[in-house]
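Everything on this sheet refers to the single structure shown next.
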Amino acid sequence: MSDKKVRLRFAPSPTGGLHLGGVRTALFNYLFAKNHGGDFILRIEDTDQTRYVDGAEKYIMECLDWCGITPDESPAVCGPFAPYRQSERKSLYREYAEKLVREGHAYYAFDTPEELDRNRKEIPNFQYGHAYRDTLRNSLSLSQHDTDKLLDAGEPHVIRIKVPVGETVSFNDMIRGHVSFDTNQVDDKVLLKADGMPTYHLAVVVDDYLMKISHAFRGEEWLPSAPVHLLLWDYLGWKADMPQWAHLPLILKPDGHGKLSKRDGARLGFPVYAMNWFDAKTGELTPGFRELGFLPEAFDNLLAMLGWNDGTDNEIFSLDELKEKFSIDRVSKAVAKFDFEKAKWYNAEWIKKLKAESLKPKVVEVLAQNGITITDESYLLKVIDAVKERCVLLGDFYQQSAYFFEAPKAYDENAVKLKWNEAKNEFFKTLLVILNKVDETIDAHIFEEQFKALMEEKSLKAGDVMLPFRIMLVGGKFGPHVFDIAALLGKDETICRVEKALMVFNG
RNA sequence: GGCCCGUUCGUCUAGGGGUUAGGACGUUAGAUUUUCAUUCUAGAAACAGGGGUUCGAUUCCCCUACGGGCUACCA
């Protein structure tokens, strides 16, 4: 058991976009695997054909790639335990279900969904379990002969687990410690559906066994079905190989109650999915963190901190650091409410932390989307360094750096015009003369000295001319130090912008 | 309703029988930057309640309350 190779899987069902809670589950699985030198596997749980959504699987893989947690084995990468889609493993599950029936741990049930619905409505606390199974249509209540007849006639049926009466099932959750259940409260879950597909309960056990999964981390919503899985591991005779379980605390809405859902994102104005998800059926686009301008580094970081910490005050971790430091026993038991403000803070921190060089491709993309093409990359790098500390989302790079590439088309005139006078006009006219005498490049410090000297000469205060100068170059009241901007813009462009603005301000 | 899980500032959390209960986001006030942001300093802000156990509980146990999850031929 302990010398077993560490293998964890992320097992989403391809039903749509990937929720950030799902990504966190994937991340924790990945981090634990990598922390132990193990493998991270992606298994697609597409056993519900009615909920299958085209494109979702590809989307999921792209999400994992974007986050930098590409699986070692997956439908795309393949591997020794292929196939990795449960729909392609369909034929294999029936055998195990039949084996359970033969050994008395499962049975055929012929009840229609309608009959069961009626029972659920009419009988308070109805459960398909020990209390009622003898009154329903199944191979336990029917004679062998009648059962065979129905089976031979091709009567639609499912296979259900026969949960024992009056037993206690317990296990040791890596996060929660000892958890136990009274089997009288557990119902006879369907294992194999009428269409021949396994339910999650059967498939997860069979595949985790076959794929030699050593540890399984999943959301807390699975805790109530754990006893069914435990029983199955036991009945199938694989108990010694059962993975160690950990049920991760859920991520809740920032306000109000309940699990975070994509609806909350729309309502509260932040993304819930990792990347944009387009639903071809409804034409609805659900926004994602990636497209909103989040860095994968920040996304991983903020997700990791939702329920985990390393015991120090450090909150900024790269994926590599997380791989090195992650440990499941530092994951908290309690639910966490998602806080978008803090999420943005992580992104701002990562933008500041990352080198201009690694930010470059993303900034190029943002600028391109706004019609700005980059011709001089080393200039871009300087611009990124100049403005990155005032960007929270990648999209902010447009607003914060556009004026480095295009002269302002409009000016924040309110900031200038009311107090504009001939003295200031004179100041800038003289400034142009000084600028023209500058050799080739502007040195920010020297230029600042010259600027201030001229200010004194003309008896003007910094407040009188600094802001107008900024407006001339930038168009608005924002950006780095104005002399740095002038230096970056260069002599000719600075002169050009001052001249142009002077015409506007005087006109 | 039943079952399961949980509960430290508004939020994410550290801590753990004796602490001024620490940090971060957000927030407030200052400083710096005569732009905006950054940065810096300071402030407000929490152990759900009740019983035990104990010399001493926020910490351990029980109960209650509250919150969440599950209760499908969905995962």
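Residue numbers (my numbering): 536 to 1042.
No residue lacks a Cβ here, since even glycine has one placed at the ideal position from N, Cα and C.
For the beta strand (DSSP E) that contains residue i, what are its first and last residues?
i    : result
H680 : First-last for H680: Q679 to D687, but that is the alpha helix (DSSP H), not the beta strand (DSSP E).
A942 : No beta strand (DSSP E) holds A942; DSSP gives it neither H nor E.
T693 : One point to set straight first is that residue 693 is Val, not Thr, in the sequence displayed. Looking at the DSSP string, the run of the beta strand (DSSP E) that includes V693 is V693 to I696.
G712 : G712 to D717
A977 : A small correction: the amino acid at residue 977 is Ile; Ala does not occupy that position in the sequence shown. Where I977 is concerned, there is no enclosing beta strand (DSSP E), given that its DSSP letter is neither H nor E.
A751 : H750 to G754
F616 : From DSSP, F616 is part of no beta strand (DSSP E); its letter is neither H nor E.
Can you tell which of the options has the C-alpha that lies nearest to the C-alpha of residue i?
i     : options                    : result
D848  : D717, F875 and M840        : M840
I486  : K993, L966 and L1024       : Here the chain has residues from 536 to 1042 only, and residue 486 is not among them.
V721  : A761, R925 and L686        : A761
H764  : L785, G712 and F706        : F706
R672  : E657, A688 and L651        : L651
T817  : V588, I604 and N564        : V588
F875  : F829, Y914, W843 and V725  : F829
F716  : K993, L766, N564 and Q934  : L766
D769  : F575, G639 and K895        : G639
A801  : T821, R637, R825 and K1026 : T821
I710  : K625, S853, P610 and R753  : R753
V635  : I694, D835, F939 and I1020 : Here residue 635 is Leu; the residue named in the question, Val, does not match the sequence. The shortest C-alpha separation from L635 is found at I694.
A546  : Y631, L686, H713 and V740  : V740
K954  : F1040, D1019 and L627      : F1040
E900  : E859, L827 and A688        : L827
H1096 : A568, Y631 and A869        : In this structure the chain extends from 536 to 1042, so residue 1096 is not present and cannot be described.
N570  : H692, E859 and I981        : E859
K728  : D607, D646 and N836        : D646
D708  : R629, A883 and P759        : P759
Q934  : A591, K1012 and E819       : K1012
For a test of the three-state rule: what should DSSP assign to residue i, helix, strand or coil?
i     : result
Q621  : helix
M536  : Any reading at M536 is ruled out, since the residue's pLDDT is 46, under 50, leaving its predicted position unreliable.
K872  : strand
E819  : strand
T908  : coil
E859  : helix
R637  : helix
S626  : helix
L726  : strand
V704  : strand
K1026 : helix
A606  : Sequence inspection shows Pro at residue 606; the Ala mentioned does not correspond to that position. If DSSP states are grouped into helix, strand and coil, P606 belongs with coil.
N849  : coil
P778  : coil
D646  : coil
D479  : With the chain represented from 536 up to 1042, any question about residue 479 goes unanswered, as that position is not in the structure.
H1016 : coil
K952  : helix
W773  : coil
D581  : coil
L675  : coil
V740  : helix
F1040 : helix
F661  : coil
K887  : helix
S913  : helix
Start and end of the alpha helix (DSSP H) containing residue i?
i     : result
A768  : Residue identity check: residue 768 is Trp in the sequence provided, not Ala. First-last of the alpha helix (DSSP H) with W768: A761 to Y770.
V927  : No alpha helix (DSSP H) holds V927; DSSP gives it neither H nor E.
N570  : L555 to N570
I1006 : A997 to V1009
L838  : P831 to A839
A801  : K797 to L803
R825  : F824 to L827
D931  : D931 to S936
Assuming residue i contacts residue j under a Cβ cut-off of 8 Å, what Cβ separation, rounded to an integer in Å, is found between them?
i     : j    : result
V700  : H665 : 5 Å
Y594  : M810 : 7 Å
N960  : A937 : In fact, because the Cβ distance is near 27 Å, the residues do not count as touching under 8 Å.
R1005 : G998 : Contact flag wrong, Cβ pair sits at about 12 Å.
A522  : A979 : Outside the displayed span of the chain (536 to 1042) sits residue 522, for which this structure offers no information.
F834  : C602 : 6 Å
Cβ contact (3+ pairs, closer than 8 Å) linking the region 949-956 and the region 922-932: no
Sufficient close CB pairs (3 or more, under 8 Å) joining the region 732-749 to the region 573-591: yes
Sufficient close CB pairs (3 or more, under 8 Å) joining the region 765-776 to the region 844-861: no
At least 3 beta-carbon pairs within less than 8 Å: the region 544-556 vs the region 784-804: yes
Contact between the region 670-686 and the region 606-618 (3+ Cβ pairs under 8 Å): no
Sufficient close CB pairs (3 or more, under 8 Å) joining the region 562-578 to the region 849-863: yes
The region 690-700 / the region 746-755 touching (three or more Cβ pairs under 8 Å): no
Contact the region 986-998 vs the region 956-971: 3+ CB pairs below 8 Å: yes
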